[in-house]
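J.: So the sequence lines, in the order shown, correspond to chains A and B. Be aware that the first sequence starts at 1, since it is given in full-length UniProt numbering, and climbs by one per residue. Be aware that the second sequence starts at 1, since it is given in full-length UniProt numbering, and climbs by one per residue.
Protein chains: 2
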Amino acid sequence: MKTAHPATPRQDLSAQIAEAIRDAIVEGRMITGERLPSEAELSEQFGVSRSTVREALKRLAAQSLIRTQRGAFGGAFVNRLSFEAAYSQHITTSTLLLSMNAVSFETACEARYTLERACAPLAAHRRTTGSLATMRTEIARQSQPDLSDEAFCASDVTLHRALVDAAQNPVLSYQLAGAVEAMQPLMNMITFTARSRGEIVALHTALTDALEHQDAQAADTALHRLEAYTLTLGRDVMASRARNATKRTPPSSSG
Amino acid sequence: MKTAHPATPRQDLSAQIAEAIRDAIVEGRMITGERLPSEAELSEQFGVSRSTVREALKRLAAQSLIRTQRGAFGGAFVNRLSFEAAYSQHITTSTLLLSMNAVSFETACEARYTLERACAPLAAHRRTTGSLATMRTEIARQSQPDLSDEAFCASDVTLHRALVDAAQNPVLSYQLAGAVEAMQPLMNMITFTARSRGEIVALHTALTDALEHQDAQAADTALHRLEAYTLTLGRDVMASRARNATKRTPPSSSG
DNA sequence: GCCCTTATGAATGTCAGACAATTAAAGGTC
DNA sequence: GACCTTTAATTGTCTGACATTCATAAGGGC
Chain A
1 MKTAHPATPR
11 QDLSAQIAEA
21 IRDAIVEGRM
31 ITGERLPSEA
41 ELSEQFGVSR
51 STVREALKRL
61 AAQSLIRTQR
71 GAFGGAFVNR
81 LSFEAAYSQH
91 ITTSTLLLSM
101 NAVSFETACE
111 ARYTLERACA
121 PLAAHRRTTG
131 SLATMRTEIA
141 RQSQPDLSDE
151 AFCASDVTLH
161 RALVDAAQNP
171 VLSYQLAGAV
181 EAMQPLMNMI
191 TFTARSRGEI
201 VALHTALTDA
211 LEHQDAQAAD
221 TALHRLEAYT
231 LTLGRDVMAS
241 RARNATKRTP
251 PSSSG
Chain B
1 MKTAHPATPR
11 QDLSAQIAEA
21 IRDAIVEGRM
31 ITGERLPSEA
41 ELSEQFGVSR
51 STVREALKRL
61 AAQSLIRTQR
71 GAFGGAFVNR
81 LSFEAAYSQH
91 ITTSTLLLSM
101 NAVSFETACE
111 ARYTLERACA
121 PLAAHRRTTG
131 SLATMRTEIA
141 RQSQPDLSDE
151 AFCASDVTLH
161 RALVDAAQNP
171 VLSYQLAGAV
181 EAMQPLMNMI
191 TFTARSRGEI
201 VALHTALTDA
211 LEHQDAQAAD
221 TALHRLEAYT
231 LTLGRDVMAS
241 RARNATKRTP
251 PSSSG
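(1) Return the CA-CA distance between residue 100 of chain A and residue 86 of chain B, expressed in angstroms with no decimal places.
(2) Taking residue 54 of chain B as the query, report the chain A residues whose CB atoms sit under 7 Å from its CB, ordered along the chain.
(3) When burial is assigned at 16 or more other CB atoms within 10 Å of the CB, is residue 142 of chain B buried or exposed?
(4) Do residue 135 of chain B and residue 162 of chain B come within 8 Å of each other at the CB atom, strictly closer than that value?
(5) As a quick exercise: from B:121, B:28, B:153, pick the residue whose alpha carbon is nearest that of residue 166 of chain B.
(6) Measuring CA to CA, which of A:42, A:129, A:152 is closest to residue 193 of chain A?
(7) Measuring CB to CB, does residue 35 of chain A end up less than 8 Å from residue 71 of chain A?
(8) Using DSSP's beta-bridge definition, name the partner residues of residue 66 of chain B.
(9) List the residues of chain B that residue 229 of chain A touches, going by C-beta distances under 8 Å, in chain order.
(10) What are the residues of the segment 145–156 of chain A that lie near chain B, defined by any Cβ-Cβ distance shorter than 9 Å?
(11) So which residues on chain A does residue 51 of chain B lean against when the C-beta distance must stay under 7 Å?
(12) So for residue 10 of chain B, helix, strand or coil by DSSP?
(13) Along the chain, which unbroken stretches of the alpha helix (DSSP H) at least 4 residues long are found entirely within the segment 111–168 of chain A?
(14) As a quick exercise: from B:80, B:242, B:186, B:148, pick the residue whose alpha carbon is nearest that of residue 107 of chain B.
(15) Since residue 19 of chain A meets chain B, which of its residues come closer than 9 Å, beta carbon to beta carbon?
(16) List the residues of chain A whose Cβ lies closer than 9 Å to the Cβ of residue 83 of chain B, in chain order.
(17) Alpha carbon to alpha carbon, what distance is there between residue 160 of chain A and residue 211 of chain A?
(18) Only counting the same chain, and skipping five residues up and downstream in sequence, which positions put a Cβ closer than 8 Å to that of residue 223 of chain A?
(19) Return yes when the Cβ of residue 56 of chain B is within less than 8 Å of the Cβ of residue 31 of chain B, no when it is not.
(20) Starting from residue 312 of chain A, follow the alpha helix (DSSP H) in both directions and report where the run begins and ends.
(21) Do you know whose CA, among A:139, A:62, A:37, lies nearest residue 15 of chain B's CA?
(22) Are the C-beta atoms of residue 90 of chain A and some chain B residue less than 8 Å apart?
(23) In chain A, what lies closer than 8 Å to residue 169 of chain B by C-beta?
(24) Can you tell me where the alpha helix (DSSP H) holding residue 90 of chain A begins and where it ends?
(25) For residue 198 of chain B, which residues in the same chain have their Cβ closer than 6 Å to its Cβ, ignoring the five residues on either side in sequence?
(26) Would you kindly check if the distance between the Cβ of residue 26 of chain A and the Cβ of residue 92 of chain B is under 8 Å?
(27) Indicate the three-state DSSP secondary structure (helix, strand or coil) for residue 221 of chain B in the structure shown.
(28) Measuring CB to CB, does residue 175 of chain A end up less than 8 Å from residue 178 of chain B?
(29) Please classify residue 105 of chain A as buried or exposed, where buried requires at least 16 other C-beta atoms within 10 Å of its C-beta.
(30) Taking 8 Å as the limit between beta carbons, can you name the residues of its chain near residue 89 of chain B, skipping five residues before and five after?
(31) If we ignore side chains and look at the alpha-carbon of each, how far apart do residue 231 of chain B and residue 50 of chain A end up?
(32) Note down, in chain order, every chain B residue with its Cβ under 9 Å from the Cβ of residue 26 of chain A.
(33) Sorted by chain position, which residues of the same chain lie with C-beta nearer than 7 Å to residue 6 of chain B's C-beta, five sequence neighbours on each side aside?
(34) At least one CB of chain A closer than 8 Å to the CB of residue 8 of chain B: is that the case?
(35) So if I threshold CB-CB distances at 8 Å, which residues from the segment 183–204 of chain B count as touching chain A?
(36) Just to make sure I have the definition right: I need the residues of chain A whose C-beta is within less than 9 Å of the C-beta of residue 122 of chain B. Which are they?
Here it is, written out as structure tokens:
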């Protein structure tokens, strides 16, 4: 009996329905702002219960594909995927991807700085006084000796985001957001000494100066140095962590 | 009773619960492979019905944060976010972002080629015979005159993905996937003439040759030319589309 | 003792029906 | 016309039930 349609019974009904609606949205058969049929209508159309339809809709809502509104003339509407929502999704996914897949500090660092250097020429050309001001503000913050390591990292992210945004290309900003923000948890594992902070602040200043003078080459150099320096800091931390882990390993075989 | 915490009633219960569990995962309080409490237990813990818990779990499943398994010793497990799953999510989001936000062809094109040029030095240094072979294969495919425009674009994407993958940095590949793949729908709107195809194939060949010779500078140049050429093709199409749209506009005021 | 079959129980998947909460629009009052 | 009330449609939540799946335990045949 089941041989009649064994093609895709391995998926939940709610997943199948969500996929059907998602396809309709992605392929443009439903446009932004359009209202989906009510849950009752959908359950009739798909021949399932309302609960199943609701689970499907929640799946779509989790991807910001639809938004729901209660009350008369409420319902589920195809969402205009804002850059903001896309940013936060991308950042969450990138962060998890790095934390769950044992991506080395080197790999993540290389990806981040490679992408940032790509932005540098555009940023040098198009930077505004606003983006420069943001970067200077963060540099000032990073110079405060009583700043916690976490706050230092957060400020670092803000500065680099300002660099990326200075390129004035929202698509680029979106793509870079993941690479820059996802590094923060890795950076948070590093204890920044006064000396290392000074070095970083100096490089941040060189970078900002380069943008101010619209000197793409100097910005590229500053980013190269920053990458190399970050890498040495990260390597030191990872190495000492590895040593500690080895120490804690039981000397005899387990059990 | 409920007056005790009216702070955040603007969100659904299922959204709140999903957020609570998501935070636990992102912050590492739950690790990959760990089993969540059963739906019955969760509904008791959060003081809500099982349906509400299920909607929350579906939201998390939609983001590939958890996977569920039926049967004895089944349940919801914290998912290891694979690069593969992250790729497809990122691509879907990027594609929608572009189609829904009236991003100009210029902006998308600039972002894509800026990012690809960032990969070029690494790709030139690390390219394998495998990545070169993939690129040559796609070039051969693109040279077939009877290839449809859609297939030509798909082949273009494959070739550029090979370029990105040649950098041998999975994080970079992941971040770039969105930029490269999301361009395809925009590219699909272009009708490629025999002449334009020839030009693109020539530039693809130059790019591949550059990688083979590990000549980062030549690869950069080829990508710059490719960007410029793609841009002119895109501009032509957009301009003619704009003209047609104007023609179709009713000559008098509507109504 | 060993293997195959069968129960068992725990868990998710689905359904049906009910009620609460919300909200825009229609209708009524002044 | 401005303001208030009613109304109907829709989502949000709860309850209880049954179906389905699946690892393990129990049982029977040899």
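Even for Gly, the Cβ is constructed at its ideal location relative to N, Cα and C. Note that the coordinates shown come from a computational prediction; the quantities given were computed from them, not determined experimentally.
T.: Straight from the coordinates:
(1) 12 Å
(2) 55
(3) Looking at its Cβ environment, which holds 16 or more other Cβ atoms inside 10 Å, residue 142 of chain B is buried.
(4) yes
(5) For the residues B:121, B:28, B:153, the minimum Cα distance to residue 166 of chain B belongs to B:121.
(6) A:152
(7) no
(8) B:78
(9) Chain B residues near residue 229 of chain A: none, gap ~19 Å exceeds 8 Å.
(10) none
(11) 51
(12) The DSSP-derived three-state label of residue 10 of chain B is coil.
(13) When DSSP assignments are scanned along the segment 111–168 of chain A, the uninterrupted stretches of alpha helix (DSSP H) that are 4 or more residues long and fall wholly within it turn out to be 129–142, 149–165.
(14) B:186
(15) What residue 19 of chain A touches in chain B: nothing, since even the nearest Cβ is about 11 Å away.
(16) By Cβ distance, chain A contributes 97, 101.
(17) Each residue's alpha carbon lies about 12 Å from the other.
(18) 113, 116, 117, 120, 207
(19) no
(20) As displayed, chain A neither begins before 1 nor continues past 255, which places residue 312 of chain A out of reach and without an answer.
(21) A:62
(22) yes
(23) 107, 110, 111, 114
(24) 83–100
(25) none
(26) yes
(27) helix
(28) yes
(29) buried
(30) Closer than 8 Å at the Cβ level, and outside the excluded window around residue 89 of chain B, lie 63, 64.
(31) 48 Å
(32) 92, 95, 96, 99
(33) Unreliable placement is indicated for residue 6 of chain B, whose pLDDT of 39 sits below 50; no coordinate value is reported for it.
(34) With a pLDDT of 47 at residue 8 of chain B, under the threshold of 50, the predicted position of this residue should be treated as unreliable, though the coordinate-derived value follows. It does not; no Cβ of chain A falls within 8 Å.
(35) none
(36) 110, 114
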